[in-house]
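This report concerns only the one structure given below.
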Amino acid sequence: MLYLLLALPIISGLLCCFTKARNAELINILGSLLTGITAIYCCLTPFMTGTAQKLNSHKIYKILILDELSAILVFIIGVVGTTCCLYGVTYLRQERSHGEIAEKRVGLFFGLLHFFVATMYLAVLADNLGVMWVAIEGTTIVSALLVAFYGNKSALEAAWKYLIICTVGIAFAMLGIILTFYAARGVLGSDEISLSWQQLYLVADQLDPSLMKLAFIFILVGYGTKAGLFPLHTWLPDAHSQAPSPVSALLSGVLLNCAIYAIIRFHLLTTMAVGEGFSGQLLIIFGLMSMVAALPFILVQKDIKRLLAYSSVEHVGIIILGVGLGGTLGYTGAILHLINHALGKSVLFLSAGTLAQRYKSKLIPKIHGIGQWLPVTSAIFMASLLAIGGLPPFGLFFSELTIASQGFQVKGALVGFVFLMVIAVVFAGLIYFGGKMYFSDPVTTCPSKREGFSVSHVLLLLPLGLLLLQGIYMPHAIQQLINQVVKFMLLGGMPSV
Amino acid sequence: MFASIQGNIIFIMIAIYLIGAVMPFLFKVNSKMSFITGCIPGSIAGVIGLVLGLAGLFSTDPFGVSFGHVLPGVELMIQIDRLSGFFLSTICLVTFLVSLYSWEYMKIYRQENIAWWSFYYNIFVLSMVFVVTVNNAIAFLIFWELMTLTSYLLVTFEYRSQNVRKAGFVYIVMTHLGTVFIIGAFLIMSNGFGGWGYEVLARNSISLTATEKSWVFLLALIGFGTKAGIVPLNVWLPLAHPAAPSNVSAVMSGVMIKTAIYGMIRLIIDILGPGPTWWGGLVLTLGIISAVIGVIYALMEQDLKRLLAFSSVENIGIILMGIGTSLVFYSLSMPVPAAIALAAGLFHLFNHAIFKSLLFLATGAIYYATHTRNMEELGGLIKKMPQTALLFLIGAISISAMPLFNGFASEYQIYQSLVTISSLRVSGFWSIAGILAAVALALTGTLVAACFVKAFGISFLALPRTQKSAAAREVPLSMRFSMAPLAALCLGLGIFPQVAMNSLLGVVGQLVPGSRVSGVTTYNFNLALLLLATILVLLALSRLLGTPRVRKTATWGCGIETDAAMEYSAASFSQPFRRLYRGLLQPQRKVETKSSLLPYFGYQIYFEEHVKSVLKEFLYRPLRSLTISMSKKWRCIQSGNINFYLGYVFITLIVLLVWVR
Amino acid sequence: MTGKLLIILGQFSFLLLVAPLINGIIKKSKALLQCRRGPSLLQPYFDIIKFLRRESVVSVHTSWLTQLTPIICLASYLVAGSMIPLWQHENLGIGDMIALTYLFAMARFFLALAALEPASAFGGMGSSREMMISSLVEPVMVVGLFSLAATAGTTDINGIMGAGQNPAGLLTFIGLLIVVLAETGRIPVDNPDTHLELTMVHEGMLLEYAGRQVGLLHLAAMIKQVVLLILLIHLFWPQNPNAPVYVALVLIFAKVSFLGLVLAMIESALAKMRLFKLPELMAGGMAFCLLAVLSTYLI
Amino acid sequence: MVDLFALIFLVASLFMLAGRSITNTITLLTVQALALCLIAFYLGLSTQETNWHMVIVGGLTLVVKVIILPWVFYKLVYKVNLHREVSLSVGLVSSILIGLLLIGLAYGYIVPVLLKDIPVGGHLISAALAGILLGCFFMISRRSALSQLIGVVAMENGLFLCGVAVTGGMPLIIELGIFFDILVGALVMALMTYQINDTFETIDTKFLNKLKG
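Those protein sequences? They're chains R, Z, L and W, same order as listed. Under my numbering, the first residue of the first sequence carries the number 24, and numbering increases by one thereafter. Under my numbering, the first residue of the second sequence carries the number 1083, and numbering increases by one thereafter. Under my numbering, the first residue of the third sequence carries the number -1, and numbering increases by one thereafter. Under my numbering, the first residue of the fourth sequence carries the number 438, and numbering increases by one thereafter.
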């Protein structure tokens, strides 16, 4: 099943690359739908069966594994990835009508999109540290090509920075992996097993602490670069703002989460090896730093997509902080926030992309009166903006609240309060720009006819509805699943059976 | 069994609100049906809620219904005890009438999308209902924020004007920041294991240290104070209330800001329990400051709705004076006077809900008839729309606490508490503080009277100042009809205050342990009767004696024909006060005389005078500009140079490597 | 019940009968102090009766409010007066300081409204100034009354009878005397005799009234003055509670007229102040009352 | 013997900082890679029964890092004809000093202090860490896209050495994957360098500064 999950996007990607635009769209739609369905099916299995689903390819150890944690990520990739791929169709049609993108490159775009998705699946499914590293490096390469897709100056600049910075970071991550491998080999002996998450977790408490500390630092810097933690986030706003909107949505909604996923795994490992406090401390520091540092950029920002990118930095900070705080509430909040942010931010990027397309500009001052010209899209945009700002009835409010309460418990009132304050001020920034764009008179150039309701909006409303559900009424089954994941994390990566 | 019936009723009420929210979308927008389906369900549900609230108010033990665990560790449960009952009935009473009123009133907003309006409005009311009835911190916060959001959307309903957008922005940002403090207060009390129910919090709060308790108190005070609009935090209020449609501002000013008071009482008195005396002192001081400053700014206003908004600040101040006094007694462990003071505060809260919504609705009627809220353009309306005038007058009399009306009844109780605090001689400090507070209250009272003499006199009496007011007609019957009950309540509660006070003592008895108060000396209604009787007798006498001849002539205008230009204007009415309180208001006047060819004849005078909001000038604006400039500076770290970026990564690594050991 | 009613009616009639006379006494004594003959003591009665009979000229801009106001003023002052027991000090159950203060406020409220009605600038000026002055006077009045009420522990008027009979009370008395000057619209606050438009406050509000209404309003003003004086006496200089009725009435009358003389002297001794000098005067009154409070609690 | 190669490796990566000429830098890179694969072969063949794993890895290094990549880079140099580093962001002398400092850090702090209780093969690991740090610093100090590309490869070399030193090579599949990744990555970067050169008429990244704030 998991192999199918990997195979589907690769196949459809290959097909897309070598076909005309028309068919490419068709293949893309089919492929992404199939992938999404498979993903949803897969990510339910570990909860249904209660055990992690392992695939013994090699006799000795496993390449792919799907336990509770990765299931969450698979779910996110499934939903967001599919949404973005499907939305890409409408987006590209617009671009072609504007003549931004040549007819023949459409296939290439969809192909790369699917490869991107595939690499991310691999990254979260890999049971092997090395494979995971390779996959994440792969995402960098593919997505860099996507970022540079428009091929104009700024796109190239963004792509280059993205590529260079992330490669350097990833290199450090490799160093961390090597150290981990060394530490593990001391315990597990034989080479291959000692890079498997499953095996590592079993022996985590015997790993050499000082080695693991060093390893974790390299890992944090490495994958932190990819996740966009504060001093390492510099590539993020450029790439997000220059990429085509579906790609920005994927980058911010999913790719960051993959990196966070890697950090979480190593955090669990390190916590068990070194003991409480060390890695958690680092994560808390970095989380807070990212939140606080992203704030000023949000308050004074001209470019709508950069605005969203910085808010992604802030939210990554929130998630990392939640993981660092740990405990039932911390982990619950972090996991929920992972999901909520992925859903909300992708919708936000997609709708913002449409706005930018219609107004032929990413500059906020140029985007007036969206409420009157594009009522549906702008309504969705505003809704997701409020959601990302952390306002009920959307899920992020609850997840942030949960993390905050853990903060109040563990780190005292100050951390929790700073956390809440930053979120509130960020919200002020968002609502300021949102109001500027929504509650203003439309530009004179815009055509008189208002936009109607179309199928692409349904596509956007789907994640939004999920978000609403997360905030107001979470079905009991889902609460069970979340609890299971949290238990898994609390047990430090042991299968929770 | 009883509870289950109640539960079903609750479900029905919620369902009706939701129907009111979604139905209008089904009809052609702005058709007659969409107006009806938007407003009528709201009022029906309001009646049901009123019944529920009264049931809760008088039932000995709380009843409710649970919706199950909606979120991890959060059980959404509606539980109506006496306090909730009181607030629920207040909310539903006002919203019931406002919904009736809106049906006609909203027709002046035809060009807007009414369906959205009724969606926001009904959800807004529903969230208020939830806010005062849930018994769980998270649920409270969720609906609290929902309330903020929907009211923001209602405030920005006329988003085409720049001021409205600004007002909405300030409003939602202020209240959202306030919410952060509230969350902080709750989280300090909650233990880490997701204990969110009120009773859990109450249990935790017993184990808190004194400083922690004080922190909770301060955070709650700031947070709820922002919503209630106590003085340093009230900047949003005079912006948002005028920006919203009048019926919405009636709800916001009448009941929404009261939910903040509910939160304060629930969190500080019910959950947190007694604390040191300075809590009460602080609340009392804030109350005094809000009352005085609020009314002084109200007196300066020419815009009726801004005036009413500022007077809301003032009334919240009076309510806080009651609560603060009761906190003082509470911390001095004198439950009975504490109970009476708290009841007095709640009583004034209810009265304010009544007459302030009445006044806002009447202002809305003026706007409906004349399309202006500026007093300088009004005048002479008492002849054009006599019934509205009478209703407004009743509201004005009640809010300026004239005997016979409810405003006086509650302020009287607060006076009594203040006298008690100074006569019990707990300490010389409190004795003098009580008297000073009473003085502040008296000052407020006179200023309010002046303020509403101005409001009513300028906009309703004398000659119409513009064509707008000259062309005014009486508003439709349904609007007048929905204002009448409020006016009736003003008079009724003024004559029979014991009823209200005694039922409120029931509420307080639930909050303050050991405060079984049999009855409280409301000011005797013999007085009211006597006054009424005397007035009637005198009227009768003057009729019996037979009126001598009455000659109707124009007013003597020093020989010139009087016209509207010679009337006393609103600005000139408040001029002495402007001069009296110039230290606070900082009026800036600009006078230019332009003389035509001859210096003595026919020269024009250009005169303008502004008052400054000291808070805005010296607190908020600098804060804002500081934030912006700091952010601008900070942006330079994203310089666009890739070498720097790599340097960040490298340095981070080195620092961590050094840090690790 | 009927007994109480009778008492109340008796008080009403006493006030109605005595008030003009007191006013006459004050006028007369002022005249004498200024070496004039002055009008007869009964002049106010004649004025009132004349006014009540005369035809009334009403501005076309006015409404029912103008007709109602004199009645309300008169009624509220009468009721206020009936709160202060003149002879048998059994509790009428209506006497209350706060209510008393606010009854005055009510009369003022309606008067100010009625003054705005006939669209003339003088009335507007009068009412705005009246409200301003009241916002200065009332706090002083409240602090004075409350300092006594707090010592007595109640705001019931019977309860605080003679509460001012202590050294601190003297200070309070001075404070309240200033209040009385202001409330009765006398020099140095306002000049009851002037009709120069720019200086009048109380008279300015009555400017557009004529005939019966103005008569009632004048009567009301006189009653207010007597009520205030009686209040002072009740607080600081009460007579034996269980004296027979006629004795009590005579005593009251004597004391009131004495205080009237005092007022007359003060009035002739001082000159009218500028409007915006009033805050200082009232601050003085406030200072006296607060001193009284401090001396009661801290000493 | 191994230590000698390690020394060569280290010196090569230090000298990369010293020169402006890009062609020389590429040569030094090649030397580095050569030292690397010699170490791999030595470790593979020195033991009595040959460790094929090491040999294969060495061979891969030889193919990828000694032959293909330098060739690509040379072609790139001639394509964009930029033989000398146009602008440095850190001066040569100071960068040399910083480089020495970094070596000191690796030898004097990381290994003896942070990894003290771990028996590591000679000073291979110190050399590797130093190599990585130097590579990273090389990227910081150079502005041209090409040099940054070279820096990346240098870091990869350091990583490889580290892997060899610490663990005697990662599992084979991983190794292959990594090589593939590096190859693709380097090629993609090279491609992008072409594009940059076409679009900006220069590969000096100081002109890539439009996106800020």
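All C-beta atoms in this analysis are idealised placements derived from N, C-alpha and C, irrespective of residue type, glycine included.
- Query: Name the chain Z residues that come within less than 8 Å of glutamate 53 of chain L, Cβ to Cβ?
  - Reply: Per Cβ cutoff of 8 Å: Pro1630, Arg1631, Val1632 and Arg1633.
- Query: Does proline 486 of chain R have its Cβ less than 8 Å from a Cβ in chain Z?
  - Reply: no
- Message: Only counting the same chain, and skipping five residues up and downstream in sequence, which positions put a Cβ closer than 7 Å to that of lysine 82 of chain R?
- Response: Below a pLDDT of 50, predicted positions are generally treated as unreliable, and lysine 82 of chain R, at 39, falls in that range; the measurement from the model is reported next regardless. There are no such residues.
- Nearest neighbour of threonine 498 of chain W, chosen from W:Leu598, W:Lys649 and W:Glu638 [CA to CA]: Across the set W:Leu598, W:Lys649 and W:Glu638, the C-alpha of W:Leu598 shows the shortest separation from the C-alpha of threonine 498 of chain W.
- Item | Under the three-state DSSP convention, the category isoleucine 640 of chain W falls into | coil
- Write down the C-beta distance between leucine 98 of chain L and alanine 78 of chain L rounded to the nearest angstrom, noting that I regard them as a contact closer than 8 Å. 5 Å
- Message: If the cut-off is 7 Å on Cβ atoms, which residues from the segment 576 to 604 of chain W count as contacting chain Z, listed in chain order?
- Response: Met576, Ile577 and Arg580
- Using a Cβ cut-off of 8 Å, pull out every chain Z residue sitting near valine 225 of chain L, in sequence order please. Those within 8 Å of valine 225 of chain L in chain Z number zero; the least Cβ separation is about 14 Å.
- Query: Quick one: Cα of leucine 1463 of chain Z to Cα of glycine 1357 of chain Z, how far?
  - Reply: 52 Å
- Message: Distance check for leucine 288 of chain L and serine 1695 of chain Z, CA to CA, integer angstroms please.
- Response: About 31 Å.
- For alanine 1301 of chain Z versus alanine 1267 of chain Z, is the C-beta distance shorter than 8 Å? First, the amino acid is wrong: residue 1301 of chain Z is leucine here, not alanine. Yes, the Cβ-Cβ distance between leucine 1301 of chain Z and alanine 1267 of chain Z is below 8 Å.
- Could you check where the beta strand (DSSP E) with histidine 1151 of chain Z kicks off and where it finishes? 1145 to 1153
- Query: Hey, how far is the Cα of asparagine 79 of chain R from the Cα of isoleucine 86 of chain R?
  - Reply: For asparagine 79 of chain R, the pLDDT reaches just 42, beneath the cut-off of 50, and the residue's location in the model is therefore unreliable, although a value from the coordinates is still provided. Taking the straight line from one Cα to the other gives about 7 Å.
- Query: In whole angstroms, what separates the C-alpha of isoleucine 1405 of chain Z from that of tyrosine 1344 of chain Z?
  - Reply: 11 Å
- Starting from the Cα of isoleucine 70 of chain L, find the closest Cα among L:Ala285, L:Ala218 and L:Pro37 and give me that residue. Of L:Ala285, L:Ala218 and L:Pro37, the residue nearest in Cα terms is L:Ala218.
- If we count the other Cβ atoms within 10 Å of its Cβ and call it buried at 16 or more, is phenylalanine 1700 of chain Z buried or exposed? exposed
- Item | Meets three-Cβ-pair contact criterion under 8 Å: the segment 1444 to 1461 of chain Z and the segment 1617 to 1633 of chain Z | no
- Task: Taking only beta-carbon positions, decide if arginine 1743 of chain Z is within less than 8 Å of chain W.
- Result: yes
- Tell me whether histidine 216 of chain L counts as near the ligand ATP, meaning its Cβ is closer than 7 Å to at least one heavy atom of that ligand. Among the components modelled here there is no ligand, and therefore nothing to report on the ligand ATP.
- Message: Can you tell me whether methionine 223 of chain L is helix, strand or coil according to DSSP?
- Response: According to the sequence displayed, residue 223 of chain L carries glutamine and not methionine. In the structure shown, glutamine 223 of chain L sits in a helix (DSSP, three-state: H, G or I).
- Between serine 126 of chain L and glutamate 136 of chain L, what straight-line distance do the alpha-carbon atoms span, to the nearest angstrom? 15 Å
- Message: For serine 1209 of chain Z and glycine 1399 of chain Z, what's the separation of their Cα atoms in angstroms?
- Response: 25 Å
- Within the segment 210 to 293 of chain R, note down every full beta strand (DSSP E) run reaching 3 residues or more, in order along the chain. none
- Query: Under 8 Å Cβ-Cβ, which residues of chain Z neighbour glutamate 136 of chain L?
  - Reply: Ala1524, Leu1525, Gly1527 and Thr1528
- Task: Look at the alpha carbon of alanine 238 of chain R and the alpha carbon of isoleucine 463 of chain W, and state the distance between them as a whole number of angstroms.
- Result: 30 Å
- Message: Any contact between the segment 1528 to 1536 of chain Z and the segment 1378 to 1398 of chain Z? By contact I mean 3 or more CB pairs, one from each, below 8 Å.
- Response: yes
- Item | Residue-chain proximity (leucine 1676 of chain Z, chain R), Cβ-Cβ < 8 Å | In the sequence as presented, leucine is not what sits at residue 1676 of chain Z; that position holds lysine. No, lysine 1676 of chain Z does not count as interfacial toward chain R.
- Task: Answer yes or no: does any C-beta atom of chain R fall closer than 8 Å to that of threonine 636 of chain W?
- Result: yes
- Alpha-carbon spacing of glutamine 76 of chain R relative to isoleucine 1265 of chain Z, whole angstroms: Only weak support exists for where glutamine 76 of chain R lies, its pLDDT of 48 falling under 50; the value from the coordinates is given anyway. Cα-Cα distance, rounded: 41 Å.
- Are the beta-carbon atoms belonging to histidine 59 of chain L and glutamate 128 of chain L less than 8 Å from one another? No, the Cβ-Cβ distance between histidine 59 of chain L and glutamate 128 of chain L is not below 8 Å.
- Message: Less than 8 Å between CB atoms is the rule here; does serine 1116 of chain Z satisfy it with respect to chain R?
- Response: Closer than 8 Å: no.
- Item | Residues bridged to alanine 149 of chain R (per DSSP) | Alanine 149 of chain R is bridged to R:Leu87.
- Query: Apart from the five residues on each side of it in sequence, which residues of its chain come closer than 6 Å, Cβ to Cβ, to glycine 101 of chain R?
  - Reply: Gly59, Ala62 and Ile63
- Output yes if chain W places a C-beta closer than 8 Å to the C-beta of glutamate 337 of chain R; else output no. no
- Could you check which residue in Z:Pro1658, Z:Val1147, Z:Val1298 and Z:Val1211 has the C-alpha nearest to that of leucine 1667 of chain Z? The residue from Z:Pro1658, Z:Val1147, Z:Val1298 and Z:Val1211 with its alpha-carbon nearest to that of leucine 1667 of chain Z is Z:Pro1658.
- Starting from tyrosine 1688 of chain Z, follow the beta strand (DSSP E) in both directions and report where the run begins and ends. DSSP places tyrosine 1688 of chain Z in the uninterrupted beta strand (DSSP E) bounded by 1686 to 1692.
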